[in-house]
Amino acid sequence: TAAITKKNLSDKQIASYLYETCCNFAKIQDDYGRTTLHLAASCGRLDLCLWLAIVAGADINAKDWESGYTALQRSIFYGNIDVAVRMIEVGADIALVDKEDFTPLQLVTLQRLPEVKIPHELFTQLYVWGSNLNFTLGIGTDDSKKYPDLLDYFKRNGVSVKQVCTDEYHSVFVSITGHVWVCGHGQGGRLGIYKEKPLLIPTHLAISNEECVMAATALNHTLLLLSNGSVLVFGANQHHQLGVTPYMEACLSPRHVNLNGARNAGPITGICAAKYHSVFFNENVLLVCGLNGGQLGCKSDSPFITVPQQISIKDKLPLKIKSVATSIGSIVYALSNGDIFVIQRFQIKKIASRLLGIEKISAFGGHLSIDILNEVGEDLKILILNKKGTIIFWEESVPHLMKGTFGLKRTIVISDVHLNECSILCTTVDGEALQGTIKDKEPLLKSQDDSRKRHSGGYPKDEKVKGHEKLGKCLILAKRIPYIHRAMAITSDPKGKNFAVIQAHPNNSIEIYPDRSTSDMTENLKYLFLEATEDDAVHDVVFNINGTRIAAHRYVLAVNGFPFKMLYNNRNKNREMEIYINDADLVIFKEFLMFLYTGHCQLLNTGPCSFRLTAQDEDPLQLLSALAKKYNITTLLNILQTLRYENGHIISTTYSNCPKIFKMQRNLFPEFHDVELKPDNGQIIKAHKCILSARLPYFNSMFLRGWSETNKAQIIHLQTTSLIAEAFLDFLYTDDIPDYISCDDIDNIVRLLILSDQLLMNHLKEACEILLAKSISLKNCVSILQVSIVYNTIKLKEPVLRFIVSNLNAVLESRILESLDDKTLSELSEYYKRYSRCCDNRIITPYSNAPSDEEILAACKSVSASADTFFILPEGIKDACFHKCNKLQTPNAKKKNTIKRLSFQESEFIEETIVQVVPEINKECIQKHNPDILNDNVQFFDDSDFPSLSDNQVSSHNNNKHSTIRLSTRRGSGETRRIFPPTLSQKQRKKEKKSLVSEEIVVTPPKTQFKGWAKIPPPVECSEITSFENKKTEPNLFEIITNEQKEKDNWRKMKSKPFHLTQIEDSAMDDLISFYNANNIFDERITVERVLPSNIAQPVWIPGHKKKAYEEF
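In the numbering used here, the protein residues as written are 21 to 1133.
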């Protein structure tokens, strides 16, 4: 294995050395339990890893003895991302853990870039999943989601959610900016939209001008806490849970709650809600209203508390309330000294003392008074999270505090918790989300407490939480929630059927986006004016100043304020106009026109004036001002008021020399349209030649160099859609990408970038790069990376690489990197190593006991006869890579790890299978696999009946010729078509090989070129088809069952076929059509089709099962 560490040798040479020196090289281990695959993955030898895993049969999930790493984990540890991607692609298990209980994805999380953080104040994204029976997920339908998925509504609208409250029938979302959205069923007014209709997607709720700070939901009502301390409520009010006066059965719109009970205690800072009551609190007071089933304190004459009333917190010391939680049958609150109280069954019970550092409390269950309701409830469960990230559990059936442990060898620090009926939900400081249940409860009883203290002289550290509270233990069996890597908060409905996770935005790690270079629009218009002559085909107006003619452009002058009436002639619209100017100085008028083109001229520059007028005492600014007044150019007049001319100098104190960039509009002055552009869909778009010529050298050469498009009647064709063509033209006029090219649809941005690259519009290409950089997401990052490589977008490549590296754990889990080629993956690995500080010192140097280069090269020469074939991945095995290598993923599959040495005859046979040589065809073989092909009208003949496709054809072997079948019909046609044998399974190929060996038939690969055309037989008459079908015998029951099973197998294979393989097939079909020039040949017919299995089962619809897939297929 030491030979693998040699850096100056190729993977093929290392493989040749391993193949020659050891028969068991795929399974051999060193003193640390590392296999050849482990070292190859550590050194980043991608081809060698694939050869070992696929061809040599190495165990891809084998662990070393040193750290328990698999080849996948070692490739991640050393930063070889390309190897990691391919290892996952061929079947490496991403769920295996090492000796410290880290999975490969968790190793990536530990190696995050230092810039990747999970702060709470930056932008966020919301992921939801669950049953969604009542539209609580807000995805627009009632379809369920098995795994977390991004809620597109907030992504499209750029909303960052900071809190989610969900219940059985509705959900409430609060954004960072204080806005509120609701969705779900609105019966009883629980949505607060003045109606009771359901909302399938999040809908903005109109509240007062104050920002919403917090929300709380229950089964039938909702509470909203505003920034000024007031509370809005809406929903059902049968049990007075809204606390509004006068009483109303339901509130369909938000209403303020009368909180006079807390007037002297300060504004409300927190709210909670349950099915029958509501809770309002701050650090000094606790207010409740609703049905008192024992959870609101002491008994009273009335079972209802109609308005919020203060309840006693049972501690007369001046302590502050730190945290409050509520459930259907209880209220739980914690004080500043660490004491925790529970209000239940008309009693206040203390469950913890001096439990300092409480961060959050979550409660579920509780019992209500049977005298008031028939609803008994469940045992109360309380979950406590402290600042150290430790979970503490309390249950009514086991009334002792227990510290939650996850049973792992590594420490998990929790950042947020939530408790529902079925499970515990929590997020870690590393951004992971966990779902688990409580098992193996070990409360610390009083007898055990006294004995431990007596024998050890104190309590163990793991049974204390910075105080004198003794803790038991409980085991939390948790599993990681997939596709969650940046979690900040987690929640669910009380029954645990719908879930939501708030994650940090993946773009938070991209701190600096690329900037656009300085606009060149002013310079373009300047040169348009300076280079205009009477001989070009772009100008449309000429100014005659005392016999001197100046060519100009009507649209540019009109859009910047020149009088339209002077530029437009209704009688001669298409003729060139000539305007006579007799009362102006030529130099001053040129400066005046320059200002109209660029927004600036030399006379507006402060300092010495270099202009020499006819009269030396004349003020050039006054002459320019006279022209501005004559033609009503107010912008120029306002600038000239801040300038004065003294002693040959222009003096100013307020005006800046920076020219103003004019932004034009294509739809202004349609009378001056003089060119038409036609996209692919045929829609005509009109524009102005002067702008196209000024902004783009392509059009400048077209209009000024005598192209055929110079003719006014000629239409310019653009190979793009009308939307992209309009966006392209709008950019030429405004120097900005229009708003209708949204960041959500990157396809349009990419099309615009491609068009700018074709027409060499660098500024537009740069603007598209910046827009794409701001549109990067987990779903499109790979596509954008491919675009940046193909079109050499320098400013886009850096942000997309940074995005992928920063979110590498999510990208690896989604497996979207598998579509990249090896060169791009290698570049991504180098970028990751360069910016990840963890990989700086993780370099494997060549081992001292490694063989010399001469020994390895000598071993390569000894296997040179078969070296060209044994290191090639056969096509079937390459397909297995894309099909995720099902055999490697099956734990019970029997693998053959022994490598058989091949003779030269066997290597030739392998070479034949690689090039897919078809053996000689005989009647028995065809009759065996396709009995319906042969009949009395079938004849065989050789390839010699076909003409050669090239003059340099190499003669083929006589003993291995492709056979063809001739079909003759009643009409006596002699046309033929070529028939190839059917695709055989592995078992059938072995049987055919044995039969060939027994008959002593030597199969050698042909050297003739492939002839891809044949004669087409005439169509068969219907009578012949009918007579042919009548000859078939009736199948028996066994054949019917066998055919049905084969149809089901074919259906499964077709369903599991990846999309990228279909794309590869489509590309191959296009290449074949282009190679044979099939579209331009009319004397014969050449078709290229995808061959599907002959028998495919049809999907069956089962009535009454709308949401369950038909599992039989």
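We treat Cβ as the ideally placed atom computed from N, Cα and C, and that holds for glycine.
Backbone secondary structure at residue i - three-state DSSP
| i | result |
| --- | --- |
| R574 | helix |
| P526 | helix |
| K853 | helix |
| L848 | helix |
| P911 | Per-residue confidence for P911 stands at a pLDDT of 38, beneath the threshold of 50, marking its modelled position as unreliable; no derived number is given. |
| W71 | helix |
| V607 | helix |
| D870 | For the sequence presented, residue 870 should be read as Ala rather than Asp. DSSP places A870 in coil when its eight states are reduced to three. |
| F384 | strand |
| M684 | coil |
| H505 | coil |
| K881 | helix |
| V305 | coil |
| R536 | coil |
| D84 | coil |
| M234 | strand |
| P640 | helix |
Beta-carbon proximity list for residue i, same chain, < 6 Å, skipping 5 on both sides
| i | result |
| --- | --- |
| L724 | D556 |
| A552 | H559, A571 |
| K319 | F366 |
| A61 | C69, A91, R94, S95, V103 |
| S849 | N100, I101, D102 |
CB-CB length for residue i against residue j, believed under 8 Å
| i | j | result |
| --- | --- | --- |
| L72 | A46 | 6 Å |
| I363 | G313 | I363 to G313, Cβ: 11 Å. No contact. |
| K182 | S195 | 7 Å |
| I434 | C446 | 5 Å |
| Q523 | R536 | Not quite, the Cβ-Cβ distance comes to about 30 Å (not below 8 Å), so this is no contact. |
| I348 | F426 | Not confirmed; about 28 Å, so no contact. |
| A270 | A293 | Not really, about 15 Å apart at Cβ, beyond 8 Å. |
| L624 | L577 | That belief does not hold up - the Cβ atoms of L624 and L577 are roughly 18 Å apart, past 8 Å. |
Own chain residues within Cβ distance below 7 Å of residue i, not counting five before or after
| i | result |
| --- | --- |
| G88 | D118, K119 |
| A1134 | The chain is shown from 21 up to 1133; residue 1134 falls before or after that span and cannot be answered. |
| Q93 | D118, P124, L127 |
| L211 | H190, V202, G204, L219 |
Status (buried if at least 16 other CB within 10 Å, exposed otherwise) for residue i
| i | result |
| --- | --- |
| I1101 | exposed |
| S808 | buried |
| L428 | exposed |
| S868 | exposed |
| G567 | exposed |
| P628 | exposed |
| D436 | buried |
| I532 | exposed |
| G160 | exposed |
| E1141 | Since the first residue shown for the chain is 21 and the last is 1133, residue 1141 is missing from the structure and cannot be characterised. |
| K817 | buried |
| Y353 | buried |
| E611 | buried |
| Q973 | For Q973, the predicted structure reports a pLDDT of 36, less than 50, and the residue's modelled location is therefore unreliable. A value from the coordinates is still provided. By the neighbour-count rule (16 or more Cβ atoms within 10 Å), Q973 is not buried but exposed. |
| F1095 | exposed |
Own chain, CB closer than 8 Å to residue i, minus 5 neighbours either side, in chain order
| i | result |
| --- | --- |
| R1110 | E1085, M1089 |
| T41 | A879 |
| N406 | L375, L376, G377, I378, E379, I412, V485 |
| E216 | G206, Q207, G208, G209, L272 |
| A787 | R536, F751, D756, I757 |
Worksheet entry | Inter-stretch contact at 8 Å, needing at least 3 Cβ pairs: the region 516–532 / the region 752–772 | no
Worksheet item: Looking at C-beta atoms only, is the number of pairs between the region 230–240 and the region 167–176 that lie closer than 8 Å three or more?
Response: no
Practice prompt. Kindly confirm or deny that the region 247–257 and the region 279–297 touch, where touching means at least three C-beta pairs closer than 8 Å.
Written response: yes
Discussion item. Pairs of beta-carbons, one from the region 681–690 and one from the region 748–756, closer than 8 Å: are there three or more?
Written reply: yes
Discussion item. Closer than 8 Å is the cut-off here; do at least three beta carbon pairs connect the region 73–85 with the region 795–807?
Written reply: no
Worksheet item: Three or more C-beta pairs closer than 8 Å, one from the region 696–708 and one from the region 734–744: is that the case here?
Response: yes
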